[in-house]
Amino acid sequence: MKLQHVDKGTYRKNMNLFMVVLVLSLILLSLSFGAGLIALFGVETTPGEPTGNFHLNLLGVILAAILCSAIVFQLKAKPFFTEIYYVWQLKQLQNRIYRKLIKIKAAAANNDVNALIILLFYYTSLKQVYVLDDNTLTLATVEQALSQLQTQIQGQGLALSAEQFTPELLGSLSIV
Numbered sequence: 000m001k002l003q004h005v006d007k008g009t010y011r012k013n014m015n016l017f018m019v020v021l022v023l024s025l026i027l028l029s030l031s032f033g034a035g036l037i038a039l040f041g042v043e044t045t046p047g048e049p050t051g052n053f054h055l056n057l058l059g060v061i062l063a064a065i066l067c068s069a070i071v072f073q074l075k076a077k078p079f080f081t082e083i084y085y086v087w088q089l090k091q092l093q094n095r096i097y098r099k100l101i102k103i104k105a106a107a108a109n110n111d112v113n114a115l116i117i118l119l120f121y122y123t124s125l126k127q128v129y130v131l132d133d134n135t136l137t138l139a140t141v142e143q144a145l146s147q148l149q150t151q152i153q154g155q156g157l158a159l160s161a162e163q164f165t166p167e168l169l170g171s172l173s174i175v
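Residues 0 to 175, numbered by numbering that gives the first Met the number 0, are exactly what the sequence shown covers, in order.
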C-alpha cells in the first residue's frame with residue numbers, strides 16, 4: 000500500500016457525516032427490526048411484567064448491523080468514501096504491523112533493511128492518520144520516533160523511504 004495525500008477537510012467532513020448517518024441508521028434499523036420481530040413473534044404479558052423479548056431486540060440489533068455493513072461494503076468504492084476507505088485500510092495495515100512491532104523493532108535495531116522500511120512506513124502512516132484525526136496528544140511521540148529512525152537510517156548510509164513498503168515485507172523471514 001502506498002501512502003496517498005488526503006485532504007483533511009474533505010476527510011473530516013465526510014467521516015463526520017458518515018458516522019452520524021451510520022449511528023442514526025443503526026438506531027433506527029435496530030428499533031424497527033426489534034419492533035417488527037416483537038410484533039410478529041413477541042410474547043404478550045400483563046402490564047408491569049417483563050416481556051421476555053430481549054432475544055428479539057438483540058436479533059433486531061444484529062440484523063441492523065448486518066444490513067449497515069452490507070450497505071457500507073457496497074458503497075466503499077464511491078467517491079464519497081475514497082478518503083474514508085483509504086484511512087480504514089491504512090489503519091488495518093498499521094494494526095498488522097503493530098502486532099509484530101516488537102520483532103520488527105528488534106530486527107531494526109540490527110539494521111535489517113526490511114524492518115527499517117516497515118518502521119519508516121509505520122511511523123509515517125501513523126503521523127498521517129494522527130494529523131487527519133487531530134490526535135495531537137501522541138503526535139509528538141510518533142514524530143520523535145520517526146526522527147530517531149531517520150537518523151538511524153542516515154547513519155547507516157541508506158536511502159530508504161516509506162514508498163518502498165509492501166505488505167509482503169511483513170512476511171519476510173527476519174521479521175516473522
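Don't be surprised by glycine CBs; every beta carbon is placed ideally from N, CA and C.
None of these values were measured; they are calculated from a predicted model.
Nearest-angstrom Cα separation, counted from residue j out to residue i
{"i": "L100", "j": "V71", "result": "30 Å"}
{"i": "V19", "j": "A107", "result": "41 Å"}
{"i": "F17", "j": "W87", "result": "13 Å"}
{"i": "P78", "j": "G33", "result": "33 Å"}
{"i": "V175", "j": "I116", "result": "Note that V175 has pLDDT 48, beneath the 50 cutoff, so the model's placement of it is unreliable and no number is given."}
{"i": "R80", "j": "E142", "result": "The residue asked about is misnamed: residue 80 is Phe in this sequence, not Arg. Those two C-alpha atoms are separated by around 28 Å."}
{"i": "T9", "j": "A114", "result": "33 Å"}
{"i": "T135", "j": "N110", "result": "30 Å"}
{"i": "L167", "j": "M0", "result": "For the record, residue 167 in the displayed sequence is Glu; it is not Leu. Approximately 10 Å, taken between the alpha carbons."}
{"i": "G35", "j": "I83", "result": "33 Å"}
{"i": "K7", "j": "D133", "result": "10 Å"}
Element boundaries [alpha helix (DSSP H), containing residue i]
{"i": "A69", "result": "53-74"}
{"i": "Y3", "result": "Before going further, note that residue 3 is Gln rather than Tyr in the sequence given. Looking at the DSSP string, Q3 is not in any alpha helix (DSSP H), and its letter there is neither H nor E."}
{"i": "T81", "result": "81-98"}
task: Only counting runs of 4 or more residues, tell me where the alpha helix (DSSP H) segments fall wholly within the region 102-134, in order along the chain.
output: Within the region 102-134, the complete alpha helix (DSSP H) runs of at least 4 residues are 112-131.
- prompt: Contact between the region 157-174 and the region 118-133: three or more CB pairs below 8 Å?
  reply: Contact holds: three or more Cβ-Cβ distances are below 8 Å.
- prompt: Would you call the region 91-99 and the region 53-65 touching, i.e. three or more CB-CB distances under 8 Å?
  reply: When Cβ pairs closer than 8 Å are counted between the two stretches, the region 91-99 is seen not to touch the region 53-65, the count staying below three.
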